[in-house]
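Going down the list, the sequences are from chains S and P. Take 1 as the starting number for the first sequence in full-length UniProt numbering and just add one per residue. Take 1 as the starting number for the second sequence in full-length UniProt numbering and just add one per residue. The beta-carbon is built from N, C-alpha and C at its ideal position, and this holds for glycine as well. This report refers to the structure that appears directly beneath it.
Number of protein chains: 2
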Amino acid sequence: MEAELKDMIDDLESLKRSLPDSSLHASIDKLELRVENLAKMAMSATVRRSKVKDMSSEVVDSNPYSRLMALQRMGIVENYERIREFSVAIVGVGGVGSVAAEMLTRCGIGRLLLYDYDKVELANMNRLFFRPEQVGMTKTDAAVQTLADINPDVVLESFTLNITTVQGFETFMSSLRNKSFRPSKEGSGVDLVLSCVDNYEARMAVNQACNELNQTWMESGVSEDAVSGHIQLLMPGETACFACAPPLVVASGVDERTLKREGVCAASLPTTMGVVAGLLVQNTLKYLLKFGQVSSYLGYNSLKDYFPTMAMKPNPQCSNAACLERQKEYILAKPARDAAAKAKMEAEASSATECSLHADNEWNISVVDDSNPDSVEATSADALPEGLTHELPNADDFKKSPAPGPTDTSIDDLDLLRKQLEALNAD
Amino acid sequence: MEAELKDMIDDLESLKRSLPDSSLHASIDKLELRVENLAKMAMSATVRRSKVKDMSSEVVDSNPYSRLMALQRMGIVENYERIREFSVAIVGVGGVGSVAAEMLTRCGIGRLLLYDYDKVELANMNRLFFRPEQVGMTKTDAAVQTLADINPDVVLESFTLNITTVQGFETFMSSLRNKSFRPSKEGSGVDLVLSCVDNYEARMAVNQACNELNQTWMESGVSEDAVSGHIQLLMPGETACFACAPPLVVASGVDERTLKREGVCAASLPTTMGVVAGLLVQNTLKYLLKFGQVSSYLGYNSLKDYFPTMAMKPNPQCSNAACLERQKEYILAKPARDAAAKAKMEAEASSATECSLHADNEWNISVVDDSNPDSVEATSADALPEGLTHELPNADDFKKSPAPGPTDTSIDDLDLLRKQLEALNAD
């Protein structure tokens, strides 16, 4: 619009020059003034806050980070500004993923990677984030537009693709491996993957990618009747993977695949999705910034305001080959972990006079006490805590084809995965 | 901007008429075309969805209510469209109130009344809803701008005022009494008041208004260290009022008044506030649309993902006179309630062969079983459930001045209230 307005000023100037009668110049001047006013109005409509170099804890109205840096003074977080080093990938920018992305953006996360292939529709307006004027845009484009306005300090990368296709999965994998944002980082290029998708196939693709990359991730879901949901932490080899145990949801026995019929849609509510997004990003902040207890599984039954928790150990008979690899590595690394834990305990004991803020284990996670492997029972499919029912059939029921291959992403693995997913879709 | 562009076309037309040489008309025509293009660009930037007469359950991408009407087909809500009859007042349009307002707007609530006196600042950008380009606007104006775009079907009324001032409280009271939206409604003009304020004085003002009007309301709060919060249902005479028992919050012993010092600010997180807003509006939907169990108190301790619940009976020694009036009325109405409950039970027994969707009590509330007044103990200040601590000192500690007068809002009551609030501020 700015360019259009500048052209108009030029046109008016040339018109003025060609006018024979200078008595009409006043009319032209008036028109030029109008155009300048319009330019000002257009400018003010797209005003943005400038980037911020360092997160300040100064308490002034103009500081977008004052209330976050206050977490340090309150003794909750030891070093809040570390958040700028982290990369989080969000797969699925729908009712949960878009709100999770907005929360992380407002928290000043370093880098966000967004994946979705869908477009914004009016039918999405019963959930937070997207606006009616974005209808027709891809969810990734609409999200980047809104998030960049909210916080220009966040590096946003968006991928308009379907991770359950061969090509989409390949791009997904290479984007997770890309370490250009923080080359010194160990492992993959992201610190956490958040799965905010609405179907089984996409969750299995995230599971496959994270098992192959040894990437910690969190899964989230909302039931088809819109009144319950869950979040879950998955650490390859250490906790159950998505194929080890079927997904759980409270108070719902609906099989989501039965809902993908023509003319039928699942219910959804901004409340349930907002709560699940909030719990998911809160768990993310606790995990990244090392405060509080990171939950391994947290359910939300909104009809009864019941919030079940549980821990799940990996299944030694898991049908996912990459998961079995990670399990083996985790067991082999036990002596090193024990030695590190012992050294840490001794260091803490010697500095016991100092009051440290959070003297928990490395990730503040108490999912499984691996000094005594039997102390926390892996919850089997047949022994769920009260109030939990299976959302989907057991993963093994689906796996008629052989499990995917080794951890390297060869074209054979992808072909296998694709065939598996096709078999699932054909059900 | 549209008006400005129209004026410009008029100016160009009159310029064309006054031009002696018609050879210059082409230049003017070109300019007019530019203005028309600009008008189109301005239009597309503010495209809005049109109003919808009836809520349709048709499953098409263009239906903003399809996912909400699906709650009926899923057996969760008996009549979702009733939501358009309800009026909800939200006091405080900050980190919790603004998100609650957006959720209710997207759910298609009939009418929203918003109260706040504050302006949007960059320091608010670490919570959801407000955008950097709204900095400097009043929170009420900015909220109405955003909410009207999201859902033009909702009737929005905003009040830029401070309810703890005499004038503000008077306007607040008369706005709650106004029944023009649904003249046939019993009681006040609103179905529910949501308190989303951040200080004790404002909560006491909401409590006073709701006790006087016999108005059911819900209270919400987030701790100053940003990691815990709560929601609470308050039904005058039936449950504890805000003056009966001090507010509770999990895992926080911080007195909020100590935080109102210069250069010091409370911490806040979009996650905690999003979760509290979600739980608050979920409880609102359950209360208004009669599904599930309405929670009387629900806490959120995010460090441990612990969600305590409890019920609180009114305090017969409450310092609030209007509360004592409501308690008396509630006790006197017991025979009528018992008769109605008996008639309902008999009607249900006679139609027992039919499977009714939700055969609970009128409001699906099991806060206090008043057929046996001692079955649920009113939780006293000294006997809190595990994990709960007082957020603020007991209300009685503040009340050195006599309790406010009778239920009618006379100028004396307001003066008393104002004096009380001033005494609190002077602490």
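Got a sec: is the Cβ-Cβ distance from residue i to anything in chain B below 8 Å?
i	result
S/A277	Judged by its chain identifiers, the structure shown contains no chain B, and its protein chains are S and P.
Following the continuous beta strand (DSSP E) through residue i, name the residue where it begins and the one where it ends.
i	result
P/Q215	Where P/Q215 is concerned, there is no enclosing beta strand (DSSP E), given that its DSSP letter is neither H nor E.
S/T160	V155 to T160
P/V193	L192 to S195
P/V144	It is not in any beta strand (DSSP E) - P/V144 instead sits in the alpha helix (DSSP H) that spans K139 to I150.
S/L298	Y297 to N301
S/V88	S87 to V91
Are the C-beta of residue i and some C-beta of chain P separated by less than 8 Å?
i	result
S/Q282	yes
S/V222	no
S/Q293	yes
S/E121	yes
S/H358	Unreliable positioning characterises S/H358 in this predicted model, as indicated by a pLDDT of 44, which lies under 50. The coordinate reading is nonetheless provided below. Closer than 8 Å: no.
S/R274	First, the amino acid is wrong: residue 274 of chain S is Gly here, not Arg. Judged by the 8 Å Cβ criterion, S/G274 is in contact with chain P.
S/S195	no
S/F86	no
S/L156	no
S/N151	yes
S/P20	yes
S/T309	yes
S/A70	yes
S/E4	yes
Can you tell which of the options has its C-alpha closest to the C-alpha of residue i?
i	options	result
P/V190	P/Q232, P/E201 and P/L114	P/L114
S/K6	S/L24, S/L38, S/A333 and S/K30	S/L38
P/N211	P/A321, P/E346, P/G110 and P/V91	P/A321
S/Y330	S/N214, S/P308 and S/T284	S/N214
P/C244	P/S220, P/Q317, P/A3 and P/V135	P/Q317
S/D305	P/L298, P/L128 and P/L122	P/L298
P/E81	P/M69, P/I90 and P/S87	P/M69
S/N162	S/V155, S/S351, S/S228 and S/T171	S/T171
S/P308	S/S319, S/P314, S/S295 and S/N315	S/S295
P/G278	S/Q72, S/L71, S/L128 and S/E102	S/L128
S/R84	S/G94, S/P132 and S/C107	S/C107
P/E325	P/E36, P/M235, P/R17 and P/V93	P/M235
P/Q293	P/L112, P/N283 and P/A267	P/N283
P/K51	P/V77, P/L71, P/G110 and P/L24	P/G110
S/P314	S/S302, S/L303 and S/Q327	S/Q327
Verify the CB distance criterion: does residue i have a CB-CB separation below 8 Å to chain S?
i	result
P/A266	yes
P/Q232	no
P/A142	no
P/L33	no
P/S27	yes
P/M137	no
P/C107	yes
P/P64	yes
P/S302	yes
P/N126	yes
P/E102	yes
P/M312	no
Between which two residues does the alpha helix (DSSP H) holding residue i run?
i	result
S/D7	E2 to S18
P/L332	A321 to L332
S/N283	P270 to L289
S/D109	At residue 109 of chain S the sequence reads Ile, which differs from the Asp that was named. Segment: none, S/I109 is in no alpha helix (DSSP H) and carries neither H nor E.
S/L234	Note, S/L234: premise wrong, no alpha helix (DSSP H); beta strand (DSSP E) at S228 to L234.
P/A70	S66 to R73
P/R177	V166 to R177
For residue i, count the other beta carbons within 10 Å of its own beta carbon; 16 or more makes it buried, fewer makes it exposed. Which is it?
i	result
S/K286	buried
P/M345	exposed
P/C265	buried
P/H230	buried
S/A359	At S/A359 the pLDDT is 42, less than 50, meaning the model places this residue with poor confidence; the figure from the coordinates comes in the next sentence. Label assigned to S/A359: exposed.
residue 447 of chain P	Past the edges of chain P, shown from 1 to 427, lies residue 447 of chain P, and the structure says nothing about it.
P/S174	exposed
P/A347	exposed
Q.
When you compare the stretch 115 to 127 of chain P with the stretch 60 to 76 of chain S, are there three or more beta-carbon pairs, one atom per stretch, that lie closer than 8 Å?
A. Contact between the stretch 115 to 127 of chain P and the stretch 60 to 76 of chain S is present, because at least three Cβ pairs lie under 8 Å.
Q | Touching by the beta-carbon criterion (3+ pairs, under 8 Å), the stretch 133 to 147 of chain S and the stretch 220 to 234 of chain S | A | Contact annotation: the stretch 133 to 147 of chain S does not touch the stretch 220 to 234 of chain S, with fewer than three C-beta pairs closer than 8 Å.
(Q) Measuring CB atoms only, is the stretch 23 to 36 of chain P touching the stretch 93 to 101 of chain S, in the sense that at least three cross pairs come out at less than 8 Å? (A) no
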